[in-house]
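Worksheet: one structure, shown below.
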Amino acid sequence: MDAIQLIYLVPLLPLLGFIINGLGRNALSKSVTGFIGSAVIFLSFCLSVWIFFAVSSEGFTTQNISYFNFIDVYKLHIPFEFQVDQLTSVFLLIITGVGFLIHVYSVSYMKEESQSGFGRYFSYLNLFVFSMLILVLGGNYVIMFIGWEGVGLCSYLLIGFWFKDHANNNAAKKAFVMNRIGDMGFLLAMFWMVSLYGTVSYHDLYNSDNGIITALSTINSHAIVGITLLLFVGAMGKSAQIPLYTWLPDAMAGPTPVSALIHAATMVTAGIYMIARSNILYSLAPATLAVVAGIGLATAIFAAIIALKQNDIKKVLAYSTVSQLGYMFLGLGVGAFSAAVFHVMTHAFFKALLFLAAGSVIHAMGGEQDITKMGGLGKKMKITYVTFFIATLAISGIPPFAGFFSKDEILSAAFAQSPVLYILGFGGALLTAFYMFRLMAMTFKGKFRGTPEQEHHLHESPAAMTVPLIILAILSAFGGFLGLPELFVNDGNEIDKFLSPVFEHSKQFIIIKEVPQQTELILLVVSSVLIIIVSIWAWNKYKKYAPSVSENGLVKAIKNKFYVDEIYDAVFVRPYRSLSTFLNNVFDKRGIDGIVNGVGKTVNYGSRQLRLLQSGQVGSYLLLMVIGLLILFIIQLFTK
Amino acid sequence: MEIKWYIFLSLVLFCIGIIGALTRRNSIIVFMCIELMLNSVNLLLVAFSKMHLTPVNAFGPAMATSAQIFVFFIMIVAAAEVSVGLAIIVMLYRNTRSIDINFLNRLKN
Numbered sequence: 001m002d003a004i005q006l007i008y009l010v011p012l013l014p015l016l017g018f019i020i021n022g023l024g025r026n027a028l029s030k031s032v033t034g035f036i037g038s039a040v041i042f043l044s045f046c047l048s049v050w051i052f053f054a055v056s057s058e059g060f061t062t063q064n065i066s067y068f069n070f071i072d073v074y075k076l077h078i079p080f081e082f083q084v085d086q087l088t089s090v091f092l093l094i095i096t097g098v099g100f101l102i103h104v105y106s107v108s109y110m111k112e113e114s115q116s117g118f119g120r121y122f123s124y125l126n127l128f129v130f131s132m133l134i135l136v137l138g139g140n141y142v143i144m145f146i147g148w149e150g151v152g153l154c155s156y157l158l159i160g161f162w163f164k165d166h167a168n169n170n171a172a173k174k175a176f177v178m179n180r181i182g183d184m185g186f187l188l189a190m191f192w193m194v195s196l197y198g199t200v201s202y203h204d205l206y207n208s209d210n211g212i213i214t215a216l217s218t219i220n221s222h223a224i225v226g227i228t229l230l231l232f233v234g235a236m237g238k239s240a241q242i243p244l245y246t247w248l249p250d251a252m253a254g255p256t257p258v259s260a261l262i263h264a265a266t267m268v269t270a271g272i273y274m275i276a277r278s279n280i281l282y283s284l285a286p287a288t289l290a291v292v293a294g295i296g297l298a299t300a301i302f303a304a305i306i307a308l309k310q311n312d313i314k315k316v317l318a319y320s321t322v323s324q325l326g327y328m329f330l331g332l333g334v335g336a337f338s339a340a341v342f343h344v345m346t347h348a349f350f351k352a353l354l355f356l357a358a359g360s361v362i363h364a365m366g367g368e369q370d371i372t373k374m375g376g377l378g379k380k381m382k383i384t385y386v387t388f389f390i391a392t393l394a395i396s397g398i399p400p401f402a403g404f405f406s407k408d409e410i411l412s413a414a415f416a417q418s419p420v421l422y423i424l425g426f427g428g429a430l431l432t433a434f435y436m437f438r439l440m441a442m443t444f445k446g447k448f449r450g451t452p453e454q455e456h457h458l459h460e461s462p463a464a465m466t467v468p469l470i471i472l473a474i475l476s477a478f479g480g481f482l483g484l485p486e487l488f489v490n491d492g493n494e495i496d497k498f499l500s501p502v503f504e505h506s507k508q509f510i511i512i513k514e515v516p517q518q519t520e521l522i523l524l525v526v527s528s529v530l531i532i533i534v535s536i537w538a539w540n541k542y543k544k545y546a547p548s549v550s551e552n553g554l555v556k557a558i559k560n561k562f563y564v565d566e567i568y569d570a571v572f573v574r575p576y577r578s579l580s581t582f583l584n585n586v587f588d589k590r591g592i593d594g595i596v597n598g599v600g601k602t603v604n605y606g607s608r609q610l611r612l613l614q615s616g617q618v619g620s621y622l623l624l625m626v627i628g629l630l631i632l633f634i635i636q637l638f639t640k
Numbered sequence: 641m642e643i644k645w646y647i648f649l650s651l652v653l654f655c656i657g658i659i660g661a662l663t664r665r666n667s668i669i670v671f672m673c674i675e676l677m678l679n680s681v682n683l684l685l686v687a688f689s690k691m692h693l694t695p696v697n698a699f700g701p702a703m704a705t706s707a708q709i710f711v712f713f714i715m716i717v718a719a720a721e722v723s724v725g726l727a728i729i730v731m732l733y734r735n736t737r738s739i740d741i742n743f744l745n746r747l748k749n
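Written as structure tokens, this is what we have:
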């Protein structure tokens, strides 16, 4: 139990790092800053491991630690509390573990920054990890919301880290605005919860003995469907689902390790975490779950199609993240909560690896991100090449790498729900394999297509960058074995078992049909074979890439991301802008300004006229007095 | 004599006062007209007082004579006012060498 009592240190250490690095950015040298920034995360990671062991020990029950009253109004009491359970501890490990590797990598990647820029970068990075830790540790939705907003803020700061370039600022603003749209859903859901149940604490809501939600058994009541849908709107924003996904590809404007942090360890997994945390609420609203699954699947396929024709190495990875997040939501939507969390974990490994390896490539290319100008890098950058290759195998779902098991688990849960979901999801997986192998072949194979200077400059990255790559590659290769399906081990899926206390209660509302083991095996083999065939096809097709001139309409549409940004621009931004202009010109300038100026003008005119009465002629004053007297006299006469 | 003749007389005096004050520009005459109005009201007060002065009265004889005392008060106040007013006119004449009332419009605008 000791470890649990120290839980506050887990977020406190990154906060400390943020304060030291932020305040000392002009005073501390780069190596000190890098050391402090990484060390606090490493200490948090050690604590998280300790907590993990405490949580996984026999007889552990969910712990709620309340620190102080955060909001205390009349009957509403919202304490600042942490909740520690299996789900939290898994996320703690992912965030601090992958986060630490990204920090170490950043020390080398960002070394060309100025001293204060370096300090600023690391303080933001620490704040980012801190916010995410608050998000997953929070014992109620309000505390989660603090972290939720915190990661939004940090993503804004880091995407716009190179703020001298206007495009980066725009990308940062876009991310912030898109997230705010989602956050509004989250806020409304919280208000609704408070007005209905008077509490937002997980303990009061989901406690297995006397939780308010747990005690409910009405399925699909309007309130619950409404709350879950609003929460899902929040998840859409943060986890980049249709229709709020467009910020994530633009978020590539930030430094590459930041992309890795946003995509793997923090930020985008927040939506998954939130729905997994609210699993009981969601299981009472199958209607919402269907929406979640639908949106997830649509996003998975849509983003994968866009990724097929992108030429920016980071954009491909960004769309692949959107697509993989779609799979996680599909998993959540079909009730396979633990499979979704498992995919979060494996995805964190291989997506962090992909981004860091891409960063290594970009570093070697001197900032070039266009894969049509790369090629043949495999010979020059052995470690990057091999690790990237492993990550590609993992994300494509080729056995026995990590992505295979987690994706397979989600897809088999989808199959149990409906074969249509499975076929569509599997189609998306084939697309994933295709675009990933295309990306890799174009980057590492064939002839170099860049400038001679770039070719001369090509080199393997330093150890501070390659060591995290190697560690992540090992995790990507073997991380999947943590969750071997029941097919291969007798006593069931380890991750499933570990997380079962969290998802236990929702199981009574969601009936997951068991897929016969024979069917599952057939599906596994067929899907693996198909994915391998597609991979080899893509590999051979793009190994000797030569830019083609002709492209038909569909390819052009894909290249331009289906014009979604343009459509949003036309549908939302422009009407809004013209409405604002209209209101400015008509309502504001004529209406409001008219009233204000009109009052002034009337008073001005009136006094100008009244002033004439003050003639200074004593006679006229007397006359007025007499007239007044006469009027009073007449009134007196007639009112008798 | 009936009360109405007193009323007519004071009304006539009052109107003469008003018309004089409105039309004349000589400040002394304006001043005289104001005094005329004041005294027409005094006359009215005395007349009414006399009218109500009967031995049998609901308020008793003391109340009935109070109007006449009131008139004396007014005359005293008027005397004081006249001294101030005349002093103003004298100062006006010393400063401007004129007693034209229309000359006193410096505060205009």
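Chains Y and S are the protein sequences, given in the same order. Following my numbering, the numbering of the first sequence begins with 1 at its first residue and continues without gaps. Following my numbering, the numbering of the second sequence begins with 641 at its first residue and continues without gaps. Where is the CB? At the ideal position from N, CA and C, for every residue including glycine.
| Item | Value |
| --- | --- |
| Kindly indicate which residue of Thr346(Y), Asp370(Y) and Asn169(Y) has the alpha-carbon position closest to the one of Ile95(Y). | Thr346(Y) |
| CB Val177(Y) to CB Trp247(Y), shorter than 9 Å? | yes |
| With 16 other CB atoms within 10 Å as the buried threshold, where does Arg611(Y) fall? | exposed |
| Ser323(Y) by DSSP, collapsed to three states: which one? | helix |
| Less than 9 Å between CB atoms is the rule here; does Lys640(Y) satisfy it with respect to chain S? | no |
| Establish whether the CB of Gly619(Y) and some CB of chain S are separated by less than 9 Å. | yes |
| Could you have a look at Phe70(Y) and say whether DSSP puts it in helix, strand or coil? | strand |
| Should Phe80(Y) and Ile143(Y) be called a contact, given that it needs their Cβ atoms to be closer than 9 Å? | yes |
| Could you check where the beta strand (DSSP E) with Ile78(Y) kicks off and where it finishes? | Leu76 to Val84 |
| From what residue to what residue does the alpha helix (DSSP H) around Gly657(S) run? | Ile643 to Thr663 |
| Of the choices Pro286(Y), Tyr74(Y) and Val316(Y), whose alpha-carbon is the least far from that of Val334(Y)? | Pro286(Y) |
| Determine which residues share a DSSP beta bridge with Gln63(Y) and list them. | Val84(Y) |
| Residues of chain Y with a CB under 7 Å from the CB of Asn742(S): which are they? | Gln617 |
| Count the CB pairs spanning the region 82-102 of chain Y and the region 495-503 of chain Y that are closer than 8 Å, and state whether there are at least three. | yes |
| When burial is assigned at 16 or more other CB atoms within 10 Å of the CB, is Gln241(Y) buried or exposed? | buried |
| In three-state DSSP terms, what is Asn742(S)? | helix |
| Could you tell me which residues DSSP pairs with Asp370(Y) in its beta bridges? | Asp312(Y) |
| Taking the Cβ atom as the reference point for each residue, do Ser649(Y) and Ile531(Y) lie within a distance shorter than 9 Å? | Lying outside 1 to 640, the shown extent of chain Y, residue 649(Y) is not represented and no answer is given. |
| Along chain S, which residues have their Cβ under 7 Å away from the Cβ of Leu624(Y)? | Within chain S, no residue comes near Leu624(Y); the closest Cβ sits about 10 Å away, beyond 7 Å. |
| Terminal residues of the continuous alpha helix (DSSP H) containing Phe45(Y)? | Lys30 to Ser56 |
| Below 9 Å between beta carbons: does that hold for Lys314(Y) and Thr266(Y)? | no |
| Could you tell me the alpha carbon to alpha carbon distance between Phe35(Y) and Glu520(Y), rounded to whole angstroms? | 48 Å |
| Between the Cα of Val129(Y) and those of Ile262(Y), Gly598(Y) and Gly378(Y), spot the shortest distance and give me the residue it belongs to. | Ile262(Y) |
| Suppose you measure from the CA of Arg734(S) to the CA of Ile643(S); what does that come to, to the nearest Å? | 46 Å |
| Leaving aside the five residues before and after Val316(Y) along the sequence, list all residues of the same chain whose C-beta is less than 7 Å from its C-beta, in chain order. | Ala307, Gln310, Tyr435 and Leu439 |
| Would a C-beta distance cut-off of 9 Å place Ile280(Y) and Tyr197(Y) closer than the cut-off? | no |
| From Leu424(Y) to Gly296(Y), what distance separates their C-alpha atoms? | 11 Å |
| So Leu469(Y) packs on Leu284(Y), CB below 8 Å; how close in whole Å? | Not a contact, Cβ separation roughly 43 Å. |
| For Lys447(Y), count the other beta carbons within 10 Å of its own beta carbon; 16 or more makes it buried, fewer makes it exposed. Which is it? | exposed |
| Measuring CB atoms only, is the region 357-369 of chain Y touching the region 384-402 of chain Y, in the sense that at least three cross pairs come out at less than 8 Å? | yes |
| Once DSSP output is grouped into helix, strand and coil, what is the label at Asn220(Y)? | coil |
| Need the endpoints of the alpha helix (DSSP H) that Asp250(Y) sits in, please. | Trp247 to Asp250 |
| So which residues on chain Y does Ile658(S) lean against when the C-beta distance must stay under 7 Å? | Val626 |
| Which word fits Glu409(Y), buried or exposed, when buried means at least 16 other C-beta atoms lie within 10 angstroms of its C-beta? | buried |
| Start and end of the alpha helix (DSSP H) containing Pro575(Y)? | Arg574 to Phe582 |
| Could you confirm whether any beta carbon from chain Y is found closer than 9 Å to the beta carbon of Ala661(S)? | yes |
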